[in-house]
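Quick note: the sequence shown, position 40, residue 39 per numbering that gives the first Met the number 0, numbers continuous.
The C-beta atom is built at its ideal place from N, Cα and C for all residues, glycine as well.
All values derive from a computational prediction rather than experimental measurement.
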Amino acid sequence: MEEARKKLRLCLVLVVTLAVIIGLIYYFGDVKKSRNMSEGTLVKQTENHIKTASVVDDGGYYGSRQ
């Protein structure tokens, strides 16, 4: 039973280590390919375009004239 625990523990350590190494390789490989450092972030850039309305003097009426 003790030998099985040691094998299981060793297997888990190897799997976690392998996952970390693969994650690092993927991360650094992706960073080298990216041109813009903001790619992959959770920050969303928005642009506000303010539309200007022209003022028309129609004698003070709103809507249709009577």
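Between the C-alpha atoms of Val19 and Ala3 there is a straight-line separation of about 24 angstroms. Leaving aside the five residues that flank Gly28 on each side, none in its chain has a CB nearer than 8 angstroms to its CB.
The C-alpha of Glu46 is placed about 34 angstroms away from the C-alpha of Gly22. Distance between Val14 and Lys32, taken at the CA atoms: about 27 angstroms.
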